[in-house]
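Protein chains in written order, with the numbering used here: chain A, 1 to 154; chain B, 155 to 308. Glycine is no exception: its CB is placed at the ideal position from the N, C-alpha and C atoms.
There are 2 protein chains.
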Amino acid sequence: MDAPRWLDAREARAWRGYRRMRRLLDLELARELMQDAGLSEPDYDVLSDLSETPDQRLRLSELADRMLWSRSRLSHHLARMQQRGLITREEHPSDGRGSIVVLTPAGRAAIEAAAPGHVAAVRRHLIDLLTPEEIDALGALTQRVVDRLSAPKG
Amino acid sequence: MDAPRWLDAREARAWRGYRRMRRLLDLELARELMQDAGLSEPDYDVLSDLSETPDQRLRLSELADRMLWSRSRLSHHLARMQQRGLITREEHPSDGRGSIVVLTPAGRAAIEAAAPGHVAAVRRHLIDLLTPEEIDALGALTQRVVDRLSAPKG
DNA sequence: AGAGGTTTGGTGACATGTCAACAAGTCGGT
DNA sequence: ACCGACTTGTTGACATGTCACCAAACCTCT
């Protein structure tokens, strides 16, 4: 058991700042999104990912992988979104197990109505507060961390 | 309704990277923390904040404010932690409404056992992957965003 | 064809977080 | 002292996320 290497002042500032930013940004973006568009962030993410596919449809497992969600979580969430008419399920044409998640017209309308305001909020509270250098640094750094965590033996 | 200013390629990379990093980092840190120390991240945060105070005790509302949690959430969570013997509640000496959250010896032992491993994990998956410049940039940028979001009229 | 192992999506039980309402206490003005 | 407005912490109902498990379908052998 080696002596732990605690964070120095700069590292601690970055780590604490990151966590605090996360929390505050989440709260604010979720609040505005719900108020302006009646969607939760998970709702928005599902609709957004679906709307970016060519046919507005994705296999459940594929969608779950993209979102980094468990299939169970997605299945539960889709059930709720289906209740509200935002998505439907179709059978997979060749794989009898598969379930295809499809964006309904109402779902498409919802994401199209929500997107401009949400992007504006992301700009207002984050992107537009950063210098171009900071944006590039954030892009580079997050990608490096993500690549490590996604690597097979990370 | 002005035409929305969508994110350009660099901005989108930063934003997507940030969200993906968040998710992956959360999953991994929570997984290791639970496995190594039997604590959830919320558990750790409560214990950590408490252990950093001079007397290992804080008023509930004060702790909630520091953590950016609602009082309701904290109250529920403390009930569960109290069940496990990690914290206790005491009466406030002068304010009859107040409840003081106190770290128990078991709680102190838990955070002391968990901290070295957790800090090491934070280093391994984030801090040690960044250059000193990136750490400073992250510290500066998060602080700016936090300050804006914390401002009275944000 | 069929056995054995894997993948897929769903389910119920349970843990956690949110929201609105509440009782008790405090505070400030009169 | 007392009234009304506010603060504090708790609670219960409900929304959401996690976990273990399952049935059905698939895939790979022989």
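Asked: Round the Cβ separation of residue 50 of chain A and residue 101 of chain A to the nearest angstrom and send it over; I've been treating them as touching at under 8 angstroms.; Found: 7 angstroms
Asked: Once you ignore the five residues that flank residue 34 of chain A on each side, which residues in its own chain have a CB closer than 8 angstroms to its CB?; Found: 40
Asked: Which one or two residues does DSSP pair with residue 173 of chain B in a beta bridge?; Found: DSSP lists no partner for residue 173 of chain B.
Asked: How about residue 145 of chain A and residue 279 of chain B: are their beta carbons less than 8 angstroms apart?; Found: yes
Asked: Rounded to the nearest angstrom, what separates residue 88 of chain A and residue 112 of chain A at their Cα positions?; Found: 18 angstroms
Asked: State yes or no: is the beta carbon of residue 207 of chain B nearer than 8 angstroms to at least one beta carbon in chain A?; Found: no
Asked: Using the beta-carbon of each residue, which ones in chain B are nearer than 9 angstroms to residue 136 of chain A?; Found: 164, 167, 168
Asked: What do you reckon, are the CB atoms on residue 282 of chain B and residue 10 of chain A nearer than 8 angstroms?; Found: no
Asked: Is the Cβ of residue 198 of chain B closer than 8 angstroms to any Cβ of chain A?; Found: no
Asked: Which word fits residue 296 of chain B, buried or exposed, when buried means at least 16 other C-beta atoms lie within 10 angstroms of its C-beta?; Found: buried
Asked: Could you give the C-beta distance for residue 138 of chain A and residue 171 of chain B, rounded to a whole number, given that I count them as a contact under 8 angstroms?; Found: 7 angstroms
Asked: Please classify residue 305 of chain B: is it buried, with 16 or more other beta-carbons within 10 angstroms of its beta-carbon, or exposed?; Found: exposed
Asked: Can you pull the chain B neighbours of residue 120 of chain A, defined as C-beta to C-beta under 8 angstroms?; Found: 158, 159
Asked: Please name the residue in A:95, A:116, A:46, A:122 whose C-alpha comes closest to that of residue 198 of chain A.; Found: Since the first and last residues shown for chain A are 1 and 154, residue 198 of chain A lies out of range.
Asked: Any idea what DSSP makes of residue 211 of chain B, helix, strand or coil?; Found: strand
Asked: With 16 as the cutoff for other CB atoms within 10 Å, does residue 169 of chain B come out buried or exposed?; Found: buried
Asked: When you compare only the Cα positions, how much space is there between residue 270 of chain B and residue 197 of chain B?; Found: 16 angstroms
Asked: Taking 7 angstroms as the cut-off, is the C-beta of residue 221 of chain B nearer than that to any heavy atom in the ligand PLP?; Found: Because no ligand of any kind appears in the structure shown, any question about the ligand PLP cannot be addressed here.
Asked: Evaluate residue 261 of chain B with the Cβ neighbour count: other Cβ atoms within 10 Å of its Cβ, from every protein chain shown; 16 or more gives buried, anything less gives exposed.; Found: buried
Asked: Is the CB of residue 32 of chain A under 8 angstroms away from at least one CB in chain B?; Found: no
Asked: I need the DSSP call for residue 296 of chain B, collapsed to helix, strand or coil.; Found: helix
Asked: For residue 114 of chain A, does the count of other Cβ atoms within 10 angstroms reach 16, so buried, or fall short, so exposed?; Found: buried
Asked: Between the Cα of residue 301 of chain B and the Cα atoms of A:65, A:4, A:48, A:20, which residue gives the shortest distance?; Found: A:20
Asked: What is the rounded straight-line gap between the Cα of residue 66 of chain A and the Cα of residue 53 of chain A?; Found: 12 angstroms
Asked: Could you check if residue 109 of chain A is buried or exposed, using at least 16 other CB atoms within 10 Å of its CB as the buried criterion?; Found: exposed
Asked: Taking the straight line between their C-alpha atoms, what separation do you get for residue 184 of chain B and residue 190 of chain B?; Found: 10 angstroms
Asked: Could you tell me the alpha carbon to alpha carbon distance between residue 122 of chain A and residue 140 of chain A, rounded to whole angstroms?; Found: 19 angstroms
Asked: Measure the Cβ-Cβ separation of residue 60 of chain A and residue 75 of chain A and say whether it is below 8 angstroms.; Found: yes
Asked: Look up residue 158 of chain B in the DSSP assignment and say whether it is helix, strand or coil.; Found: coil
Asked: Provide the residue span of the beta strand (DSSP E) that contains residue 241 of chain B, from first to last.; Found: 241-245
Asked: Considering Cα atoms alone, identify which of A:7, A:27, A:99 is closest to residue 71 of chain A.; Found: A:99
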